[in-house]
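Peer 1:
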Amino acid sequence: MIYLNGEWMPIEKAMVPVLDRGFIFGDGVYEVIPCYSGHPFRLREHLTRLQSSLDGVRIENPCSIERWDELVREMVAKNPMDDQYVYLQVTRGVAPRDHAFPKGVKPTVFMMTNPLTTPPQAQRDRGVAAVTVADNRWLRCDIKSVSLLANCLLRQTAVDGEAAEAVLLRDGFLTEGSASNIFVVKNGVIVTPPKTNFILPGITYDVVIELARANRLPLEIRQVSEAEVRDADELWLTSSTKEVLPISTLDGKPVGRGINAGKPGPVAARMYQLYQDYKRTVMRAPDNVDA
Ligand code: PDD
0 MIYLNGEWMP IEKAMVPVLD RGFIFGDGVY EVIPCYSGHP FRLREHLTRL QSSLDGVRIE
60 NPCSIERWDE LVREMVAKNP MDDQYVYLQV TRGVAPRDHA FPKGVKPTVF MMTNPLTTPP
120 QAQRDRGVAA VTVADNRWLR CDIKSVSLLA NCLLRQTAVD GEAAEAVLLR DGFLTEGSAS
180 NIFVVKNGVI VTPPKTNFIL PGITYDVVIE LARANRLPLE IRQVSEAEVR DADELWLTSS
240 TKEVLPISTL DGKPVGRGIN AGKPGPVAAR MYQLYQDYKR TVMRAPDNVD A
């Protein structure tokens, strides 16, 4: 069952008018919320980021945070699956085509859920290939916009090079992945770029930073140069659907040096474990308040 503008229906029945501004202009924002064994993970944080994205594109939030919370839980209850990710999107609504905002139009609200398959152990053991690509997106990458054409092109460049992700560089510095945040490890220190308009403030990024701090793992949040990316001992990507996934080759060259070159490193393994333990703790919480 999916949710569209106040109604629940099978996805085959769901229709959106062609003049929806999401279709015409990519004028909308979205969220992807992982749910483990029926429990939404970091739901408040996802809904807070949704509010910032809506503010960023000047669409009034059609629901209160409490209502969103209810809807996400209802979605999961109506679609019992083990692990799943709830996708929700809000567009500016349906109006005759004109770039300027229409007046008095109701936003279109759409939600669906799909099975969540996190990367299998074998892939995590091997790590994935990535390629570097110039980040040619707009300057509001902090908004989780459905206008993802640039991200799609960047990801396809990676796929064309038989890689899983594009690591994006802007003016000689790391930004993020086409659909993930990127972490670098050098001499045991975890380094990642700060939250600016150049990256999406990832929910997984926040969890990783919290876990690093809580476990006293050396961490620096600062600009990361291209040279540091290429010279890293470890590279990881993080996202709600990939969790913490090591990158083992970059532009066809092994990540790291010596006997561990091209193999996922120990800090990634530690962080992955911390992430799994944290997930389990949160899921056990009686009212799931932290989730
Ligand atoms: N994408 N950066 C970009 C550009 C992203 O699209 C994503 C996630 C992230 C990671 O954010 P989070 O940890 O909150 O998932 C960073 C989602 C998964 C997607 O578009 O499917």
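Under numbering that gives the first Met the number 0, read the sequence shown as residues 0 to 290, first letter to last.
The C-beta atom is built at its ideal place from N, Cα and C for all residues, glycine as well.
Since this is a predicted model, take the numbers as computed values, not measurements.
With which residues is L210 paired in a DSSP beta bridge?
Peer 2: In DSSP, L210 forms no bridge with anything.
Peer 1: Who are the near neighbours of G5 in its chain, counting only those whose CB is closer than 6 Å to its CB and skipping five residues on each side?
Peer 2: Answer for G5: no residue qualifies.
Peer 1: For E209, is the beta carbon positioned less than 7 Å from some heavy atom of the ligand PDD?
Peer 2: Checking every heavy atom of the ligand PDD against the Cβ of E209, none is found closer than 7 Å.
Peer 1: For L234, verify whether its CB is less than 7 Å away from any heavy atom of the ligand PDD.
Peer 2: No, Cβ of L234 sits at least 7 Å from all heavy atoms of the ligand PDD.
Peer 1: Return the chain-ordered ranges of every beta strand (DSSP E) run that is complete within the stretch 11–67 and spans a minimum of 3 residues.
Peer 2: Segments of the beta strand (DSSP E) lying fully in the stretch 11–67: 27–35.
Peer 1: Taking 8 Å as the threshold, find out whether the stretch 161–169 comes into contact with the stretch 127–135 through three or more Cβ pairs.
Peer 2: Yes, since at least three Cβ pairs between the stretch 161–169 and the stretch 127–135 fall closer than 8 Å, the two stretches touch.
Peer 1: For G251, tell me which candidate among E164, T240, M270 has the shortest Cα-Cα distance.
Peer 2: The shortest Cα separation from G251 among E164, T240, M270 belongs to E164.
Peer 1: Taking buried to mean at least 16 other C-beta atoms within 10 Å of its own C-beta, is S36 buried or exposed?
Peer 2: S36 is exposed by the Cβ-count criterion.
Peer 1: For E233, collect the residues of the same chain with a Cβ closer than 6 Å to its Cβ; drop the 5 residues on either side in sequence, then sort them by chain order.
Peer 2: Only V184, G264, V266, A267 meet the Cβ criterion.
Peer 1: In its own chain, which residues sit with a C-beta less than 8 Å from the C-beta of A290, not counting the 5 before and 5 after it?
Peer 2: For A290, the pLDDT reaches just 43, beneath the cut-off of 50, and the residue's location in the model is therefore unreliable, leaving the point undetermined.
Peer 1: May I ask you to check if the CB of V31 is nearer than 7 Å to at least one heavy atom of the ligand PDD?
Peer 2: For the ligand PDD, at least one heavy atom lies less than 7 Å from the Cβ of V31.
Peer 1: Please go through the stretch 107–143 and give each complete alpha helix (DSSP H) segment of 4 or more residues, from N-terminal end onward.
Peer 2: Qualifying alpha helix (DSSP H) stretches, in chain order: 120–125.
Peer 1: Mapping DSSP to helix, strand and coil, what is G176?
Peer 2: G176 falls in the strand class under three-state DSSP.
Peer 1: Which value, in whole angstroms, describes the spacing of the CA atoms of Y29 and A76?
Peer 2: Their Cα atoms are separated by approximately 21 Å.
Peer 1: Can you find the residues in the same chain that come closer than 7 Å, C-beta to C-beta, to L273, ignoring five residues on each side of it along the sequence?
Peer 2: Within the same chain, L273 has close Cβ partners L210, N214.
Peer 1: Quick check on Q120: buried or exposed, where buried means 16 or more other Cβ atoms within 10 Å of its Cβ?
Peer 2: Under this definition Q120 is an exposed residue.
Peer 1: For the beta strand (DSSP E) containing Q83, list its first residue and its last residue.
Peer 2: Taken as a continuous stretch (DSSP letters only), the beta strand (DSSP E) holding Q83 covers 83–90.
Peer 1: What residue range does the alpha helix (DSSP H) around V228 cover?
Peer 2: Per DSSP, V228 belongs to the alpha helix (DSSP H) from 225–229.
Peer 1: Under 7 Å from any heavy atom of the ligand ADP, does the C-beta of E73 make it?
Peer 2: Among the ligands in the structure shown, the ligand ADP does not appear; only the ligand PDD can be found there.
Peer 1: Between V145 and G25, which are expected to be in contact by the criterion C-beta below 8 Å, what is the C-beta distance as a whole number of angstroms?
Peer 2: Their Cβ separation, rounded to whole angstroms, is 5 Å, which keeps V145 and G25 in contact under 8 Å.
Peer 1: Please state whether DSSP places E237 in a helix, a strand or coil.
Peer 2: The question names Glu, yet the displayed sequence has Thr at residue 237. Residue state, collapsed to three classes: strand.
Peer 1: Is A295 near the ligand PDD, with its Cβ less than 7 Å from a heavy atom?
Peer 2: Missing from the structure shown is residue 295; the chain here goes from 0 to 290 and no further.
Peer 1: Between L199 and the ligand PDD, is there a pair consisting of the residue's CB and a ligand heavy atom that are separated by less than 7 Å?
Peer 2: Yes.
Peer 1: So does the stretch 42–52 actually touch the stretch 102–117, counting three or more Cβ pairs closer than 8 Å?
Peer 2: No, the stretch 42–52 does not touch the stretch 102–117.
Peer 1: If we ignore side chains and look at the alpha-carbon of each, how far apart do T191 and V104 end up?
Peer 2: T191 and V104: Cα-Cα distance of roughly 40 Å.
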